[in-house]
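Working notes for the structure below.
Protein chains: 4
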Amino acid sequence: MCRWAAYAGAPIFLEEIISRPGHSLIHQSHGATQCHSSINADGFGVAWYGDRPEPGLYRDVLPAWSDPNLRSLTAQVKSGLFLAHVRASTGTATSRNNCHPFVHGVWSFMHNGQVGGYDHFRRDADMMIPDTLYAARKGATDSEALFLVALAEGLDSDPRAALERASARFIALARAKGAAPHLRMTAALSDGKRLYAVRYATDDAAPSLYYRWSDTRGGMAVVSEPLEAEEGGWNQIASNTFCTFDGAKVQVEAFMPCKLVEGYLQSTASELAAE
Amino acid sequence: MCRWAAYAGAPIFLEEIISRPGHSLIHQSHGATQCHSSINADGFGVAWYGDRPEPGLYRDVLPAWSDPNLRSLTAQVKSGLFLAHVRASTGTATSRNNCHPFVHGVWSFMHNGQVGGYDHFRRDADMMIPDTLYAARKGATDSEALFLVALAEGLDSDPRAALERASARFIALARAKGAAPHLRMTAALSDGKRLYAVRYATDDAAPSLYYRWSDTRGGMAVVSEPLEAEEGGWNQIASNTFCTFDGAKVQVEAFMPCKLVEGYLQSTASELAAE
Amino acid sequence: MCRWAAYAGAPIFLEEIISRPGHSLIHQSHGATQCHSSINADGFGVAWYGDRPEPGLYRDVLPAWSDPNLRSLTAQVKSGLFLAHVRASTGTATSRNNCHPFVHGVWSFMHNGQVGGYDHFRRDADMMIPDTLYAARKGATDSEALFLVALAEGLDSDPRAALERASARFIALARAKGAAPHLRMTAALSDGKRLYAVRYATDDAAPSLYYRWSDTRGGMAVVSEPLEAEEGGWNQIASNTFCTFDGAKVQVEAFMPCKLVEGYLQSTASELAAE
Amino acid sequence: MCRWAAYAGAPIFLEEIISRPGHSLIHQSHGATQCHSSINADGFGVAWYGDRPEPGLYRDVLPAWSDPNLRSLTAQVKSGLFLAHVRASTGTATSRNNCHPFVHGVWSFMHNGQVGGYDHFRRDADMMIPDTLYAARKGATDSEALFLVALAEGLDSDPRAALERASARFIALARAKGAAPHLRMTAALSDGKRLYAVRYATDDAAPSLYYRWSDTRGGMAVVSEPLEAEEGGWNQIASNTFCTFDGAKVQVEAFMPCKLVEGYLQSTASELAAE
Chain A
1 MCRWAAYAGA PIFLEEIISR PGHSLIHQSH GATQCHSSIN ADGFGVAWYG DRPEPGLYRD
61 VLPAWSDPNL RSLTAQVKSG LFLAHVRAST GTATSRNNCH PFVHGVWSFM HNGQVGGYDH
121 FRRDADMMIP DTLYAARKGA TDSEALFLVA LAEGLDSDPR AALERASARF IALARAKGAA
181 PHLRMTAALS DGKRLYAVRY ATDDAAPSLY YRWSDTRGGM AVVSEPLEAE EGGWNQIASN
241 TFCTFDGAKV QVEAFMPCKL VEGYLQSTAS ELAAE
Chain B
1001 MCRWAAYAGA PIFLEEIISR PGHSLIHQSH GATQCHSSIN ADGFGVAWYG DRPEPGLYRD
1061 VLPAWSDPNL RSLTAQVKSG LFLAHVRAST GTATSRNNCH PFVHGVWSFM HNGQVGGYDH
1121 FRRDADMMIP DTLYAARKGA TDSEALFLVA LAEGLDSDPR AALERASARF IALARAKGAA
1181 PHLRMTAALS DGKRLYAVRY ATDDAAPSLY YRWSDTRGGM AVVSEPLEAE EGGWNQIASN
1241 TFCTFDGAKV QVEAFMPCKL VEGYLQSTAS ELAAE
Chain C
2001 MCRWAAYAGA PIFLEEIISR PGHSLIHQSH GATQCHSSIN ADGFGVAWYG DRPEPGLYRD
2061 VLPAWSDPNL RSLTAQVKSG LFLAHVRAST GTATSRNNCH PFVHGVWSFM HNGQVGGYDH
2121 FRRDADMMIP DTLYAARKGA TDSEALFLVA LAEGLDSDPR AALERASARF IALARAKGAA
2181 PHLRMTAALS DGKRLYAVRY ATDDAAPSLY YRWSDTRGGM AVVSEPLEAE EGGWNQIASN
2241 TFCTFDGAKV QVEAFMPCKL VEGYLQSTAS ELAAE
Chain D
3001 MCRWAAYAGA PIFLEEIISR PGHSLIHQSH GATQCHSSIN ADGFGVAWYG DRPEPGLYRD
3061 VLPAWSDPNL RSLTAQVKSG LFLAHVRAST GTATSRNNCH PFVHGVWSFM HNGQVGGYDH
3121 FRRDADMMIP DTLYAARKGA TDSEALFLVA LAEGLDSDPR AALERASARF IALARAKGAA
3181 PHLRMTAALS DGKRLYAVRY ATDDAAPSLY YRWSDTRGGM AVVSEPLEAE EGGWNQIASN
3241 TFCTFDGAKV QVEAFMPCKL VEGYLQSTAS ELAAE
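Same order as they appear, the protein sequences are chains A, B, C and D.
All letters in the first sequence, in the order written, are residues 1 to 275 by the numbering used here.
All letters in the second sequence, in the order written, are residues 1001 to 1275 by the numbering used here.
All letters in the third sequence, in the order written, are residues 2001 to 2275 by the numbering used here.
All letters in the fourth sequence, in the order written, are residues 3001 to 3275 by the numbering used here.
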């Protein structure tokens, strides 16, 4: 389990989300309260949008709390749209290429959760990434593979539907070759224009996810855990929904990859039979 | 607060102390129970004696639990005398040069604890290191400075007395310019022939320290926390004592730097007056 | 182009190959003379055999010349069989998982060279790695993929034939989707019992490779470049041959993957047609 | 010998100096032409001024050419005043704390050159740093010590005079305890308002230094080596001068620490006598 925080709104210093609040993302890196492990020290990353359509990306393998580069960067850089992540590895190596967020073109993506029995079908998951995107496969995580498959499924035209299809394909593999729970996730993604987030699980234990609009700041924070313990106004995002954030407004849609799984299962089964 | 473990006896794979036991040093790096912080993820190190009089040294800034090099090294290297350390920084940067153990010539040294108000007299502490040893000052920690001052005070001829004098000089500085508690420490040190350990505090809160002789293994383990929760035979080392380990035998001597502090205080005071 | 050195014989300190000689591997990391780039500073690694059937592995992303851990390790560890490598990236990220040698079970493998147009068929290359070995795919290099495919092709039973088949499959892909020159390589590999090396190219520009037996030392060195400029006794390994080193003896066999390529090309073509 | 580049003018992406030009700083990191070593791969750093009085700082120990974080940062961050540095160690460890630039409060500083026989008086140099600045002593380089001593000598009120006095004190130590050449340096420094640079040597071999005003860009570049081999308009800065850059104008003043050395030599001698 990892922890993450995203922001969209009037430009702020990154540190206002990442390190300043009482239960900031940095604080959650060694004292998370709403997940199994309180320690998220297997690397970190931040993707931010600035003067260019493509996001900046800074990732490293140190615990987030001890990196002076991160401290300096978040104190200097202002952005109106950014994603930040602290990682607790579920097995994959601690390496920059395995740290979130992942970026490709204008897109950024980060993930918290697990894909059941991923080690048993990692190769099949990689096979779902088309040649044109395979050069972007730098690490070995399920999260990066999910992102690239979602890109292939059409993030550009319909982010919700593309991520739903990609998730369904992973669930199909987990059912065929992996283990339950097949998928648990929260994820944030952006094309530099809008911020999207999803909360989902194939069982009833989706990871925690909250959002809060700040009038003072003129911005929306979307987070694994509320940034201030005592602060009101944090709304829990319902399981199995996909949120599109637009200023103070949130559009909530159903996110139901399970409905698509059967179709993928059949094609997976025929592929497996053909092997 | 950091955690450490040392071993002297028949050669064993380093992993038999560092990663294999149920409450191994690696386990303590994310689940320590006998100190304020359960997380010791600000770097690690191991110094081991082999075919040469000088020890080998491997240190890095990752959490110990996630470093494949450490895992491989401890699975391959056998040693009859080694020191291993996981670090929780008390403020100094996470950098290889600030990781324990420190080595110089045949000596190795590692430390857990604190020097009260060290930031206020760091320069004075450095000035106590003579020119001949100053080239060995690589980092910025109180621990490395204490080691180098102890070397200057004569570790080679009388380890206990040298470390006592060095500690007294640090306590004098902490009294004159720092803060209480002036010194709390456990430390292990070796010249490649013998293993020494000390437990001390200027107040009544010396960090925990234990040793245990294993007949099976033919070796002595000296540790911040017992390596197996359920295992008997762990002896707590008394506060304010210095131990010399020789096979299954332990020679325990008083360690009383406080008795020497007055003399150093006077010289410190006259130096400060002269500034 | 990278540089590497391997050793098999009476146990020696690793530094006797890696850092001590006048044109040691460390020296070649910033002053190589027999390849395009004199700088090999994109990470390094060493795999060595000791008391266990599996090799130890130490890899890091710093230039080899500046890593104190490497210096200490090579001064302490003695081994009768080891592989060491300094890397000049041909495009893939500088990451520990992309550093050579690669190890799996008792096997170790390192490589210097290039696979023509690899980026265009990286996914196809990954697909040649069977599920059972796919968990060992940690990085993104052509070299690691080649090693894993060679394992799948039967390194355990016939190293030469297995590496020949794996190479042929890569050449077939390079012909179908990549670019010329299709394959240039030198590689060293070992199962902990014997040291093997290969020199090969699909054109007439195979990278340099030498071996030299030392009576004094009782050992065989196999290297990209002679370790001493003035020293006699260095034998150039012929292109398109596979060497098995056994004490002072060298068994040289033809290495002709080109003869196998046609068969793989047909199957590759039919697979591509089926896509 | 290191290489560096600084910029003051209309805000530009950092990459326009650091990575884009044909002989950019990144290019100089592996192909410098005007210094002894063509390789500057022992770490890098960039300090930039943005929305805050204090500069941002990003430093790491990888070669500059292979760090994706640096590539992304320089592609995203715009600044009207920044300093960038690639390092070739003259002996001190490769560690983030030994990488340039160094920053303190609003000041940033970077250096190329050498202090003769520094190892023999490193402790004396540290002693010149007052207590109030000693907490900022993070590494072990001569450059950081020189910067902190210059701060103590009054960078805030008169940068040229302060750096001259600090340099004189180092030269005095090099004469008393070190070796010739006593000091060779180019340095750039800034308080976030103005950019300053110095070129100096106690012998006739000051490192190279150039500046060039770009009308197109509306900015001044100050560099170890011209950023484009074929480009005109690069002015060599004379030895033993201190430059203050103000828009397209350059104020050049004499920089003559040698005139002050005698006074410091006498006080150094009396201190040494008192030891």
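Glycine included, C-beta positions come from ideal geometry on N, C-alpha and C.
As the structure is a computational prediction, the values presented were derived from the model and not from experiment.
Are the beta-carbon atoms of residue i and residue j separated by less than 7 Å?
i, j, result
"residue 1122 of chain B", "residue 1253 of chain B", "no"
"residue 1083 of chain B", "residue 1187 of chain B", "no"
"residue 3064 of chain D", "residue 3044 of chain D", "yes"
"residue 1039 of chain B", "residue 85 of chain A", "no"
"residue 110 of chain A", "residue 4 of chain A", "yes"
"residue 1012 of chain B", "residue 1019 of chain B", "no"
"residue 146 of chain A", "residue 133 of chain A", "no"
"residue 207 of chain A", "residue 112 of chain A", "yes"
"residue 3103 of chain D", "residue 3057 of chain D", "yes"
Can you give the Cα-Cα distance for residue i and residue j, rounded to whole angstroms?
i, j, result
"residue 2250 of chain C", "residue 2244 of chain C", "6 Å"
"residue 3258 of chain D", "residue 1135 of chain B", "27 Å"
"residue 3081 of chain D", "residue 1106 of chain B", "48 Å"
"residue 2191 of chain C", "residue 2010 of chain C", "17 Å"
"residue 3071 of chain D", "residue 53 of chain A", "16 Å"
"residue 3155 of chain D", "residue 3001 of chain D", "25 Å"
"residue 3046 of chain D", "residue 3067 of chain D", "13 Å"
"residue 3178 of chain D", "residue 3114 of chain D", "12 Å"
"residue 1194 of chain B", "residue 1248 of chain B", "12 Å"
"residue 2221 of chain C", "residue 2168 of chain C", "28 Å"
"residue 3128 of chain D", "residue 3170 of chain D", "9 Å"
"residue 2204 of chain C", "residue 2238 of chain C", "11 Å"
"residue 1055 of chain B", "residue 1028 of chain B", "24 Å"
"residue 2166 of chain C", "residue 17 of chain A", "50 Å"
"residue 95 of chain A", "residue 2172 of chain C", "32 Å"
"residue 1263 of chain B", "residue 3164 of chain D", "41 Å"
"residue 1069 of chain B", "residue 1213 of chain B", "29 Å"
"residue 1036 of chain B", "residue 22 of chain A", "20 Å"
"residue 158 of chain A", "residue 182 of chain A", "24 Å"
"residue 2138 of chain C", "residue 2126 of chain C", "11 Å"
"residue 3006 of chain D", "residue 1061 of chain B", "31 Å"
Is it right to say residue i is buried, meaning 16 or more other beta carbons lie within 10 angstroms of its own, or is it exposed?
i, result
"residue 3050 of chain D", "buried"
"residue 266 of chain A", "exposed"
"residue 1219 of chain B", "buried"
"residue 2141 of chain C", "buried"
"residue 92 of chain A", "buried"
"residue 3101 of chain D", "buried"
"residue 3015 of chain D", "buried"
Using the DSSP secondary-structure output, state which residues sit across from residue i in a beta bridge.
i, result
"residue 3115 of chain D", "D:3183"
"residue 4 of chain A", "A:85"
"residue 2212 of chain C", "C:2221"
"residue 122 of chain A", "DSSP, once it has assigned bridges, lists no residue as partnering residue 122 of chain A."
For a test of your reading of the model: does the CB of residue i fall under 6 Å from any non-hydrogen atom of the ligand HEM? Yes or no.
i, result
"residue 3007 of chain D", "In the structure shown, the ligand HEM is absent, as is every other ligand, since no ligand is present at all."
With 7 Å set as the bound, which would you pick, yes or no: does the beta-carbon of residue i sit closer than that to a beta-carbon of chain E?
i, result
"residue 69 of chain A", "Protein chains A, B, C and D are contained in the structure displayed, whereas chain E is not."
Interface positions of the stretch 30-61 of chain A facing chain B (Cβ-Cβ less than 8 Å), listed along the chain
Cβ contacts with chain B: 30, 39, 41, 42, 61.
### Message
Along the stretch 2087-2105 of chain C, where does the CB come closer than 8 Å to a CB of chain A? Name the residues.
### Response
2093, 2095, 2096, 2097
TODO: Taking a Cβ distance cut-off of 9 Å, strictly less, list which residues of the stretch 1117-1132 of chain B are near chain D, in chain order.
DONE: 1119, 1120, 1121, 1122, 1123, 1124, 1126, 1127, 1129, 1130, 1131
To be precise: take each residue of the stretch 1177-1208 of chain B, compare its Cβ to all Cβ atoms of chain C, and keep it if any distance is under 9 Å. Which residues remain? For the stretch 1177-1208 of chain B, which is checked against every Cβ of chain C, not one residue is closer than 9 Å.
| Residues in the stretch 3134-3153 of chain D with C-beta within 7 Å of chain C's C-beta atoms, listed in sequence order? | none
Taking only beta carbons into account, state which residues of the stretch 2071-2082 of chain C come closer than 8 Å to chain B, listed in chain order.
-> 2072, 2073, 2075, 2076, 2077, 2078
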